[in-house]
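Below: the structure, in structure tokens.
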Amino acid sequence: MTAMANPFPGPRPYERDDASNFFGRTAEIRELRSLIASYGVVVVVGPSGCGKSSLLRAGVMPALERADYEVLPIARLGEAARGRAGRGAATPVFEGNVVSYLAEGAVPQTPHPLLTALEARPRRASSDGVPMPRVLVIDQFEELFTTQLQAWRERSDFVGAVLAANRGQSDLRVVLVMRAEYLSALASLLSRLPDGTSARERTVMYCHVERLSQRAAGDVIASTFARRFPDFKASSADKLAKQMSREFVRQPDGKLAEAEGEYVEPLYLQLICRALWEKMASGTVKPGDDSLIPDADIDKELRAFVAAEIAAVGAANKMRAGAILSWLEEHLITPAGTRGSVIRQASETAGMANAVVEGLERRHVLRAEERAAAQWYELAHDRLVSGVQQLRAEVRKKREDLTMRVAQVAILATILFSVGRAFWKMGEVPAVDMPAAENVARATAERASTYLASNPEVASAWIREALSMGDDPYVDSVAREIAERALVSRAVQKLTQTPAVAVAAAPDSIVAIGTDDGRLWVMNVLVRTAPHVDTLRSDTALVVKADAATVASSADPSADVRGVVPGWNGGIVGVGYASQAAKLAVAGRHGRVSLVTRPDWRRERDTVLPDTLQSLAVTPSAREIAVGTLRGEVVRLTGQGGVSRTRLPGAGRVTSLAYLNERDVLAVDERGNVYGWRGNGGEATLLWRPPATEGAVTTMSLMAVASTGRDIAVTIGEKVYRLTFRAGRIVDAAPIACEQLTGVTPTAIAYSRSAASLIIATSTGRMIVWGTRSGRCDWSASGPEHPILAIAPLAAGSPVVTTGENLEVRVWSQPPTAQQVRSTVADWRRVAAIRTDAKATLPAKSEVKK
């Protein structure tokens with residue numbers, strides 16, 4: 124059997140040389156050839172990736188040439204032809220680029236360069252000596268609207284120049300190939316042509332190219348394979364086409380199932396058939412096999428394609444492929460595992476730069492659609508969902524493995540430093556004293572950790588050399604983080620923990636905790652009056668089922684994990700109870716805002732915004748939720764689906780929000796500026812600005828509002844300001860005087876439920892209670908060594924709950940006054956005894972909520 128090159132071009136379009144291998148579009152070729160012969164200007168439109176370019180290049184153009192048409196070089200608007208002379212400074216951009224494909228020399232400097240270039244180009248004649256009619260094809264004509272944006276004023280003139288060239292040469296046919304979503308923009312230009320334009324010139328014929336049907340895909344497969352493999356079955360081609368057309372559909376019972384689709388993506392057909400051809404040519408697969416290629420192999424080919432295209436887009440935009448995969452998974456795949464969609468904004472789409480999104484679309488990872496006068500993006504096919512998820516899981520696993528290796532080497536460096544010091548010390552004594560050596564090693568371990576922490580260059584160099592990773596930027600960044608934060612000796616713990624960054628407490632002691640990995644933990648905290656700090660750790664809990672409405676038990680009865688609800692990809696930034704704690708508002712960093720109901724912890728409302736979120740607040744009735752964005756906007760969501768936006772006058776992100784009642788909102792930006800406004804929408808009013816010397820240096824400000832609505836606390840760097848709010852304005856502002864705040868940074872603040880105290884947590888893990896009536900720090904206590912990240916008061920009394928790193932939850936009880944000690948010490952002893960004797964019991968299977 125004569126060897127034959129693989130006829131499937133793969134990710135590139137078919138070219139003229141591929142005409143003999145181009146199948147499945149016979150009807151479209153016939154229709155387009157007829158239209159081009161009959162009309163001066165034909166616009167070929169269709170969705171991105173439907174095969175327009177291949178149809179023109181490998182199907183229509185050869186057919187026209189066989190009918191004695193001269194097909195000119197296919198031109199583009201976005202760039203000039205390579206290797207050709209450039210256009211002059213006075214030549215219009217678009218016209219000059221098209222002419223560069225036609226003119227052998229420099230672009231003519233005339234009033235009508237396109238017409239001049241056509242007239243100057245030598246004509247080809249048919250066999251009987253008659254000049255052939257010409258066809259000018261401009262591919263990707265949407266570049267008129269997507270490139271050369273500085274030349275937007277030339278668009279109408281260019282369309283006029285094309286029509287003028289068509290008028291000047293009566294046998295010229297012009298074919299414009301473009302994506303369907305830009306058709307309205309072209310129609311708008313045609314409607315604005317000068318009044319002198321004739322009706323004939325305005326007459327433009329449109330031809331819509333459909334996506335490749337399942338039947339046509341079967342024809343492509345059968346016709347192509349049969350040329351090389353005579354035993355190839357037509358039934359196998361149909362079966363393969365059906366496999367590639369499958370999409371997810373929702374059944375009447377709400378469940379998702381795969382079903383045959385109407386269309387097949389041409390690109391994916393090319394990728395899969397190209398791989399299948401190679402297997403048949405090598406004998407791995409027999410042409411007569413009933414099952415040519417399993418679903419797993421189709422997914423594998425698509426996954427490899429997606430990985431390569433994402434890597435190319437990342438390299439072009441100086442972005443890690445892992446970051447792009449994370450964005451795709453978080454924004455374009457729903458929690459149910461189906462394709463989601465995001466709306467395009469001016470400069471970014473759901474937090475991703477539009478240059479990256481456009482690159483993914485050009486490479487057929489994404490598909491763009493025009494809906495309600497806006498452009499939306501989604502994954503190009505349902506089969507890409509699992510591909511993206513698997514690639515993301517692989518990247519995550521590699522990063523976790525690398526992180527663990529870095530952490531282990533960091534600890535090993537500390538140990539080696541310490542042991543070396545110990546053995547050096549042992550060399551000074553006559554006999555080896557192992558206990559003494561161990562003591563020296565322990566003592567010097569802390570010195571080693573301190574040394575490496577103060578010398579990040581040395582630490583990161585050790586780690587890179589030990590891992591033989593060279594100058595890997597990820598290793599370097601992790602090494603620096605370990606060293607700069609003085610956590611070398613606890614590197615594994617630091618790098619594998621999940622910070623709990625938001626907390627809300629209900630009156631019945633049900634605490635909701637939002638973590639940086641996007642999960643909502645629900646715990647039952649039994650409030651005690653003992654004057655000590657109870658540490659509740661999630662790793663002591665046995666989680667029965669890790670999805671919505673889970674039930675679990677714990678070895679510690681005060682840390683009864685009621686549920687773990689995932690789904691806020693990118694991390695949770697805020698949680699807040701409302702409607703008498705019957706509902707909980709949750710905001711995720713990547714735009715998901717939810718209203719969750721108790722006790723089943725089900726999402727009652729779910730909205731995905733095209734914003735990166737920073738903060739959250741909810742009205743007492745839960746009728747409205749407000750979220751602050753990275754770009755200085757406050758977005759308000761109502762139960763009826765209403766969305767309103769208020770732009771803060773400053774340029775900083777919105778770091779804290781609070782509702783005073785059902786409609787009045789307070790907001791703080793990262794510089795500490797306090798804004799307020801009333802009603803749905805409207806403009807924000809600047810209520811207070813921090814002193815210039817302080818607000819200019821802070822990059823994160825927090826706010827707490829007392830239940831009375833009269834006291835507001837705002838953090839500015841290392842200071843906490845108390846603001847007095849009256850009649851819609853700030854009437855007084857002064858920093859809080861507290862010795863315990865000296866030299867530390869507040870990381871979380873909250874008022875007690877009675878508004879009698881302001882609770883301040885610091886970067887050193889200390890809790891400080893400042894009395895609003897006494898005007899002094901009434902109490903403070905040391906807690907974890909790491910920063911406290913969130914605070915929530917539990918009841919009208921002093922107990923509060925805090926969260927920090929590694930999902931650590933603590934209940935703090937302020938010690939009683941001297942007068943209360945005598946009457947309560949017996950109760951403390953009884954509570955302590957109960958804690959000591961308590962035994963955890965797992966719930967019976969019948970008690971586990973499904």
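Our numbering numbers the first residue of the sequence shown as 124 and each following residue consecutively.
Using N, Cα and C, we set each Cβ at its ideal position, and we do this for glycine too.
Quiz item: Contact between the segment 249-260 and the segment 301-317: three or more CB pairs below 8 Å?
Solution: no
Exercise. Check whether the Cβ atoms of P134 and R334 lie closer than 8 Å to each other.
Key: Looking up residue 134 in the sequence shown gives position 11. Looking up residue 334 in the sequence shown gives position 211. Their beta carbons are not under 8 Å apart, which means P134 does not touch R334 by this criterion.
Quiz item: What is the DSSP secondary structure of D342, counted as helix, strand or coil?
Solution: For the purposes of this step, residue 342 is taken as the residue at position 219 of the sequence shown. If DSSP states are grouped into helix, strand and coil, D342 belongs with the helices.
Self-check item: Local Cβ density within 10 Å of N220, reported as buried at 16 or more and exposed below that
Solution: To locate residue 220, count along the sequence shown from 1; it is residue 97. Buried, because 16 or more other Cβ atoms sit within 10 Å of the Cβ of N220.
Practice problem: Please determine if the segment 349-364 and the segment 465-485 are in contact, where contact requires at least 3 C-beta pairs separated by less than 8 Å. | Solution: no
Quiz item: Which value, in whole angstroms, describes the spacing of the CA atoms of A623 and I633?
Solution: In the sequence shown, the residue the question calls residue 623 occupies position 500. In the sequence shown, the residue the question calls residue 633 occupies position 510. Cα to Cα, A623 sits roughly 16 Å from I633.
Quiz prompt | First and last residue of the uninterrupted beta strand (DSSP E) at C900 | solution = As a first step, residue 900 is located in the sequence shown; it is residue number 777 there, counting from the start. Note, C900: beta strand (DSSP E), C900 to S905.
Practice problem: Count the other CB atoms, across all protein chains shown, that sit within 10 Å of the CB of D631; report buried if there are 16 or more and exposed otherwise. | Solution: On the sequence shown, residue 631 is found 508 positions in, with the first residue counted as 1. The residue is exposed, with fewer than 16 neighbouring Cβ atoms inside 10 Å.
Practice problem: Determine, using beta carbons only, whether L771 and A745 come nearer to each other than 8 Å. | Solution: Reading the sequence shown from its first residue, position 648 is the one you call residue 771. Reading the sequence shown from its first residue, position 622 is the one you call residue 745. Going by C-beta atoms, L771 is not nearer than 8 Å to A745.
Self-check item: Anticipated Cβ contact below 8 Å, E64 with I395, distance rounded
Solution: Shown here, the chain extends from 124 to 973; a query on residue 64 therefore has no answer.
Quiz prompt | Exposure label - Q393; buried when at least 16 CB within 10 Å | solution = Position 270 of the sequence shown, counted from the first residue, corresponds to residue 393. Buried: at least 16 other Cβ atoms inside 10 Å.
Practice problem: Output the boundary residues of the alpha helix (DSSP H) element that contains V282. | Solution: Against the sequence shown, residue 282 aligns to sequence position 159. Start and end: R278 to G291.
Self-check item: Runs of beta strand (DSSP E) wholly within the segment 453-498 (minimum 3 residues, chain order)
Solution: 489-494
Quiz item: Given that a residue counts as buried once 16 or more other Cβ atoms are within 10 Å of its Cβ, and exposed if not, what is W400?
Solution: Residue mapping note: residue 400 aligns to position 277 of the sequence shown, counting from 1. Counting Cβ neighbours within 10 Å, W400 comes out buried, since at least 16 surround it.
Quiz item: What's the C-alpha gap between T472 and V698?
Solution: As a working mapping, residue 472 is identified with position 349 in the sequence shown. As a working mapping, residue 698 is identified with position 575 in the sequence shown. Cα to Cα, T472 sits roughly 25 Å from V698.
Quiz item: The beta strand (DSSP E) spanning Q737 covers which residue range?
Solution: Position 614 of the sequence shown, counting from 1, holds the residue named residue 737. Unbroken beta strand (DSSP E) run through Q737: L736 to V741.
Practice problem: Please work out which residues of its chain come closer than 6 Å, Cβ to Cβ, to S875, disregarding the five sequence neighbours upstream and downstream, and give them in chain order. | Solution: Within the sequence shown, residue 875 is the residue found at index 752, counting from 1. Only P916 meet the Cβ criterion.
Quiz item: Can you tell me whether N784 is buried or exposed, with buried defined as 16 or more other CB within 10 angstroms of its CB?
Solution: Position 661 of the sequence shown, counted from the first residue, corresponds to residue 784. Counting Cβ neighbours within 10 Å, N784 comes out exposed, since fewer than 16 surround it.
Quiz prompt | Touching by the beta-carbon criterion (3+ pairs, under 8 Å), the segment 266-275 and the segment 160-176 | solution = no
Practice problem: Measure the alpha-carbon distance for D294 versus I433 and round it to whole angstroms. | Solution: Working through the sequence shown from its first residue, we reach residue 294 at position 171. Working through the sequence shown from its first residue, we reach residue 433 at position 310. Distance between the alpha carbons of D294 and I433: 45 Å.
Practice problem: For the segment 858-871 and the segment 832-847, state whether three or more C-beta atom pairs, one from each stretch, are separated by less than 8 Å. | Solution: yes
Quiz item: Just curious, the beta strand (DSSP E) that L394 is in, first and last residue?
Solution: For this step, residue 394 is matched to residue 271 along the sequence shown. It is not in any beta strand (DSSP E) - L394 instead sits in the alpha helix (DSSP H) that spans P389 to S405.
Quiz item: How many angstroms separate the CA atom of A427 from the CA atom of T214?
Solution: Position 304 of the sequence shown, counted from the start, is the residue given in the question as residue 427. Position 91 of the sequence shown, counted from the start, is the residue given in the question as residue 214. Roughly 44 Å between the two C-alpha positions.
Quiz item: Which same chain residues, not among the five before or five after T870, have their C-beta less than 7 Å away from its C-beta?
Solution: The residue given as residue 870 occupies position 747 in the sequence shown. Taken in chain order, the residues that qualify are A884, T885, S886, P910, I911 and L912.
Exercise. With a threshold of 16 other CB atoms inside 10 Å of the CB of A503, please say whether the residue is buried or exposed.
Key: Numbered from its first residue, the sequence shown carries residue 503 at position 380. Buried, because 16 or more other Cβ atoms sit within 10 Å of the Cβ of A503.
Practice problem: Would you kindly work out how many angstroms separate the C-alpha atoms of R369 and R519, rounded to a whole number? | Solution: What you label residue 369 is simply residue 246 of the sequence shown in a count that begins at 1. What you label residue 519 is simply residue 396 of the sequence shown in a count that begins at 1. About 28 Å.
Quiz item: So, A781 versus V828, is the Cβ gap smaller than 8 Å?
Solution: Here residue 781 refers to the residue found at position 658 when the sequence shown is read from its first residue. Here residue 828 refers to the residue found at position 705 when the sequence shown is read from its first residue. Cβ atoms of A781 and V828: closer than 8 Å.
Self-check item: Simplified DSSP assignment, three categories, for Y500
Solution: To locate residue 500, count along the sequence shown from 1; it is residue 377. Of the three classes helix, strand and coil, the one that applies to Y500 here is strand, per DSSP.
Quiz item: So what's S250 in DSSP terms, helix, strand or just coil?
Solution: Position 127 of the sequence shown holds residue 250. It is coil, neither helix nor strand.
Exercise. Jot down the residue ranges of each uninterrupted beta strand (DSSP E) in the segment 723-810, minimum 3 residues, whole runs only, in chain order.
Key: 725-731, 736-741, 747-752, 756-761, 766-770, 777-782, 788-792 and 797-800
Quiz item: Do T241 and Q292 have their CB atoms nearer than 8 Å?
Solution: Counting from one through the sequence shown, the residue named residue 241 turns up at place 118. Counting from one through the sequence shown, the residue named residue 292 turns up at place 169. It should be noted that the sequence gives Leu, not Thr, for residue 241. Yes, these two residues count as a Cβ contact at 8 Å.
Practice problem: Give the DSSP bridge partners of C330, in chain order. | Solution: Locating residue 330 in the sequence shown gives position 207, counting from the first residue. Bridge partners of C330: V167.
Quiz item: For I96, which of helix, strand or coil comes out of DSSP?
Solution: In the structure displayed, the chain extends from 124 to 973; residue 96 sits before or after that span and is not available.
Quiz item: Taking the alpha-carbon positions, what's the Y305 to R189 distance?
Solution: Reading the sequence shown from its first residue, position 182 is the one you call residue 305. Reading the sequence shown from its first residue, position 66 is the one you call residue 189. Computed Cα separation, rounded: 32 Å.
Exercise. Quick one: residues in its chain with C-beta nearer than 7 Å to the C-beta of I344, no 5 flanking neighbours on either side, listed in chain order?
Key: Reading the sequence shown from its first residue, position 221 is the one you call residue 344. Answer for I344: A360, L363, A364 and C396, listed in chain order.
Quiz prompt | Paired residues, beta bridge with F988 - DSSP | solution = Because the chain here runs from 124 to 973, residue 988 falls outside it and cannot be looked at.
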